[in-house]
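Residue numbers (the working numbering): 1 to 360. Comments concern the structure below.
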């Protein structure tokens, strides 16, 4: 973190607001400001937030406490978002944040696609800030509580879940092949709930979406997860036109899980891979177009990014201003840092997001 003071100030401002706006749209503020600060654009954070915050709703009030006895019945009830945020705020005041995360991560994973995967993405950004410092600050711990509370309130498993490595499945494909094999819902209209509701009648689901090979152990789970983030990011360049905003989540959701792994017990890594695959596959089946768009012709994104640096790529995303473009470019930078030889491909994907998504 280049400027943790700015980040903490921004998070404090955001923690007076709710996890959603307009009744169901996600509050992207905490995720975007974390990415901006991380990549050296702290000076832009408060002006960006001044404009964005005008759209946000107030933090919902807590009404009925969530307890160890009633949490299951409260899970997935968005009317209790305030109760869930208050619950995690209490837990994090009583116990180390890693302990709270280790208990609740496996409870929440079955609902990873909730709210179009935004809650897990917010958790991933929150965990990254906590891992970045030797002494977590109050606002960063509070952000984890808000993120986990949002996930718990919106928790919703798929109507036909994917079970990577479950009995009767025999996935052998790598991430690129597996993403290409994901079947598409027949009717790509309406919101994500309308689309995912078609899964029980979608030919090839879940069999066609269960081709990713399961991990033999924690290290392979991490390797496969990193590969999934890479391939989903690269794939956006050719398929993002199907739904420019929504398809970024096919990459940013598994990226959030990958960022969280170092804070989790290793025995949770395989389940984390499986959930990340479910999230990426669900977004792909709901929004991916049937045919790719050309991205290598003269004048297209690939030809415009061969000589840029990571700093320049993110600066363009920051100037663009849209939270999805900022977050997607943040993920692209992670991929390029891990595999520099892939930089031109992921820079192209980032450029496509700027071209397709309306700037803020």
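Each residue gets a CB set at the ideal place from its N, CA and C atoms; glycine is no exception. Note that this is a predicted model, so its numbers are computed, not measured.
Nearest-angstrom Cβ-Cβ length linking residue 119 and residue 151, presumed shorter than 8 Å: 3 Å
Local Cβ density within 10 Å of residue 27, reported as buried at 16 or more and exposed below that: buried
Whole-Å CB distance - residue 36 paired with residue 286, under 8 Å assumed: Not quite, the Cβ-Cβ distance comes to about 28 Å (not below 8 Å), so this is no contact.
For residue 297, three-class secondary structure by DSSP: Only weak support exists for where residue 297 lies, its pLDDT of 47 falling under 50; the value from the coordinates is given anyway. Here residue 297 sits in coil by DSSP.
Alpha helix (DSSP H) runs contained entirely in the region 20-80, provided each spans 4 or more residues: 29-38, 45-52, 71-74
Contact between the region 122-129 and the region 137-146 (3+ Cβ pairs under 8 Å): yes
Cβ contact (3+ pairs, closer than 8 Å) linking the region 326-334 and the region 249-261: yes
Cβ-based burial, residue 64 [other Cβ within 10 Å; buried from 16]: exposed
For residue 117 and residue 383, the rounded distance between their alpha carbons: What is shown of the chain runs 1 to 360, which leaves residue 383 out entirely.
Close-in-space but distant-in-sequence residues of the same chain around residue 45 (CB under 7 Å, 5 per side omitted): 6, 10, 33, 36, 37
Residue 71 versus 60, 83, 258, residue with shortest Cα-Cα distance: 83
DSSP-derived helix/strand/coil call for residue 17: strand
Exposure label - residue 201; buried when at least 16 CB within 10 Å: exposed
Residues of its chain near residue 345, where Cβ-Cβ distance is below 6 Å and the 5 sequence neighbours each way are ignored: 234
Among 324, 217, 102, 311, the one whose alpha carbon lies nearest that of residue 264: 102
Residue range of the unbroken alpha helix (DSSP H) whose run includes residue 192: 192-196
Test item: CB-CB of residue 199 and residue 245 under 7 Å: no
Residue 176 in three-state terms, based on DSSP: helix
Sequence-distant residues of its chain with Cβ nearer than 8 Å to residue 53 (five each side left out): 13, 14, 17, 29
Proximity below 7 Å, CB of residue 141 to CB of residue 92: yes
Minimum C-alpha distance to residue 133 - residue among 88, 219, 8: 8
Rounded distance between the beta-carbons of residue 352 and residue 237, thought under 8 Å: 5 Å
Residue 186 versus 241, 284, 153, 97, residue with shortest Cα-Cα distance: 284
Closest by C-alpha distance to residue 334, when choosing among 268, 232, 291: 232
CA nearest to the CA of residue 225, picked from 211, 204, 182, 270: 270
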